[in-house]
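Peer 1: Here's a structure for you.
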Amino acid sequence: MEIIKKIEQEQLRIDIPQFKAGDTVKVHQRIIEGGKERIQAFQGVVLRVHRGTTNATFTVRKVSDGVGVERIYPLHSPFIERVELISEGRVRRSRIYYLRNLKGKAARIKTKNQWD
Amino acid sequence: MMADTLGIMGRKLGMTRIFGDDGTAIPCTVIAAGPCPVLQVKDAATTKDKYTALQIGFEEIDEKKVNKPEKGHQAKAGRDYYRFLKELRMDSVEGHELGQDLTVEMFAPGEKVKVTGTSKGKGFQGVMKRWNFRGAPASHGHEKIHRSPGSVGMCAWPSKVFKGKKMAGQMGNRKVTCLNVEILDVRPEDNLLILKGQVPGPKNGLVLVRKQNRG
């Protein structure tokens, strides 16, 4: 088991900031199209962080032209260029799926106070 | 007799995933393989044996655990004592000598290998799990036969059930060989092989990794 952990440790990204559900993040993802590489940014609210070693993922949701879009990213994928933490949200649960049923003003998340 | 190819014994440590160059997560199996010393060289031409083979050992054990005849046999190689011995029939044993170590360095990343192991035992299983039969419908008058095999033969002719008919019975716990298993990484410093996908057997199961092509 130790050896498998060691192999997984080598793959982990330590440059990705800590964030949790309710935070707003901007994910810069490398995309290869037609032999060319470009970087696509996706900004939204983190719905959940699935913890783990190499299998860790996180779900980001944003509302684009009135349509809700969710993307699940592998946290340690080499195709994630970087993750920017835009703001920390104050939410009470670790999986804020209730956000999917809310729209407009109700779908806002309070930002975390500095003294929290 | 088909000759085996050069190989090495190891233990399956478990599975994990590694990220490929194109960003995909590749499932992989980690195997701690070797080093396997050559304990006996059998050559049809020069030794008194009637066939050509290499006998390799794996996993050192304490001298106390080896019985006397076994000890005498293994001592000829001038190495320690080993728990598992395996004979690999070869076309030629040229370049291999008694007491020499076989290590994972014989493999290279990207190479395809054969992996033999004992599959996980599933016990006595019905035909649906063992042979993927469809079973019978859940309703429309079907009673007590939902997972049954149905008819096993024909009529007055041949008035028997053909041999090899797929029926319920012991599933798993038998020797299974996987072909074309790709090697993703070789780490000689830890005696590790990282193989793409899965190999037969449970964690800590004994496996034999062999080269795909002879020679």
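As you go down the protein sequences, you meet chains P and X in turn.
Under the working numbering, think of the first position of the first sequence as 2, with each following residue one higher.
Under the working numbering, think of the first position of the second sequence as 119, with each following residue one higher.
We put the CB at the ideal spot given by N, CA and C, even for glycine.
Give every residue of the same chain whose Cβ lies closer than 8 Å to the Cβ of Arg49/P, excluding the five residues on either side of it in the sequence, and list them in chain order.
Peer 2: If we look at Arg49/P and ignore the five residues flanking it on each side, its Cβ neighbours are Ala22, Phe59, Thr60, Ser95, Arg96, Ile97 and Tyr98.
Peer 1: Using the rule of at least 16 other Cβ atoms within 10 Å of the residue's Cβ for burial, across every protein chain shown, is Tyr200/X buried or exposed?
Peer 2: Buried.
Peer 1: What residues in its chain sit with their C-beta under 6 Å from that of Ile73/P, if we drop five residues either side in the sequence?
Peer 2: Around Ile73/P: Thr58 and Thr60.
Peer 1: Please name the residues in the region 4-25 of chain P whose beta-carbon is closer than 8 Å to at least one beta-carbon of chain X, in chain order.
Peer 2: The region 4-25 of chain P vs chain X, Cβ under 8 Å: Ile4, Ile5, Ile8, Glu9 and Gln12.
Peer 1: Please tell me whether Thr134/X has its Cβ less than 9 Å away from any Cβ of chain P.
Peer 2: For Thr134/X, the answer is yes, since a Cβ of chain P falls inside 9 Å of its Cβ.
Peer 1: List, in order along the chain, the chain B residues whose C-beta lies closer than 7 Å to that of Leu131/X?
Peer 2: Looking at the structure shown, chain B is missing, and the protein chains on hand are P and X.
Peer 1: Can a CB atom of chain X be found closer than 9 Å to the CB of Arg31/P?
Peer 2: With 9 Å as the cut-off, Arg31/P counts as an interface residue toward chain X.
Peer 1: When you check each C-beta in the region 58-87 of chain P against every C-beta of chain X, which residues fall closer than 8 Å?
Peer 2: The residues in question are Pro75, His77, Ser78, Pro79 and Phe80.
Peer 1: Out of Arg14/P, Ile15/P, Arg83/P and Glu9/P, point me to the one whose CA is closest to Gln30/P's CA.
Peer 2: Looking at the Cα atoms, Arg83/P is the closest of the given residues.
Peer 1: Please list, in chain order, the residues of the region 206-237 of chain X that have any C-beta partner in chain P closer than 7 Å.
Peer 2: Of all residues in the region 206-237 of chain X, none has a Cβ within less than 7 Å of some Cβ in chain P.
Peer 1: To the nearest angstrom, how far is it from the Cα of Lys186/X to the Cα of Gln192/X?
Peer 2: Lys186/X and Gln192/X: Cα-Cα distance of roughly 10 Å.
Peer 1: Can you name the start and end residues of the beta strand (DSSP E) that Ala151/X belongs to?
Peer 2: Ala143 to Ala151 is the span of the beta strand (DSSP E), which, as asked, contains Ala151/X.
Peer 1: Could you please tell me which residues of the region 300-314 of chain X, in chain order, have their CB closer than 8 Å to any CB of chain P?
Peer 2: Hits within the stretch, in order: Asp308, Leu310 and Ile312.
Peer 1: Just curious, the beta strand (DSSP E) that Pro155/X is in, first and last residue?
Peer 2: Note, Pro155/X: beta strand (DSSP E), Cys154 to Lys160.
Peer 1: What are the boundary residues of the beta strand (DSSP E) that includes Pro75/P?
Peer 2: Val68 to Pro75 is the extent of the beta strand (DSSP E) around Pro75/P.
Peer 1: Can you tell which of Glu215/X, Trp249/X and Ile126/X has the C-alpha that lies nearest to the C-alpha of Asp161/X?
Peer 2: Among Glu215/X, Trp249/X and Ile126/X, the Cα nearest to that of Asp161/X belongs to Glu215/X.
Peer 1: Go through the region 222-260 of chain X residue by residue and report every complete run of the alpha helix (DSSP H) that reaches 4 residues or more, in order.
Peer 2: Counting whole runs of 4 or more residues, the region 222-260 of chain X contains the alpha helix (DSSP H) stretches 245-249.
Peer 1: Rounded to whole angstroms, what is the Cα-Cα separation between Arg207/X and Gly175/X?
Peer 2: So the alpha carbons of these two residues sit roughly 14 Å apart.
Peer 1: Name the residues in the region 142-169 of chain X whose C-beta lies less than 8 Å from a C-beta of chain P; which are they?
Peer 2: The region 142-169 of chain X vs chain P, Cβ under 8 Å: Ala143, Val148 and Ala150.
Peer 1: Is the CB of Phe176/X under 9 Å away from at least one CB in chain P?
Peer 2: No, its Cβ sits nowhere closer than 9 Å to a Cβ of chain P.
Peer 1: Between Leu326/X and Gly125/X, which are expected to be in contact by the criterion C-beta below 8 Å, what is the C-beta distance as a whole number of angstroms?
Peer 2: At roughly 6 Å, the Cβ-Cβ gap stays under 8 Å, so Leu326/X and Gly125/X are in contact.
Peer 1: Suppose you measure from the CA of Phe20/P to the CA of Leu86/P; what does that come to, to the nearest Å?
Peer 2: Their backbone Cα atoms lie some 7 Å apart in a straight line.
Peer 1: Let me confirm a value: Gln1/P is counted as buried when at least 16 other C-beta atoms fall within 10 Å, else exposed. Which label applies?
Peer 2: As displayed, chain P neither begins before 2 nor continues past 117, which places residue 1/P out of reach and without an answer.
Peer 1: May I ask you to list the residues that DSSP assigns as paired with Pro276/X?
Peer 2: According to DSSP, which records beta bridges pairwise, Pro276/X is partnered with Cys273/X.
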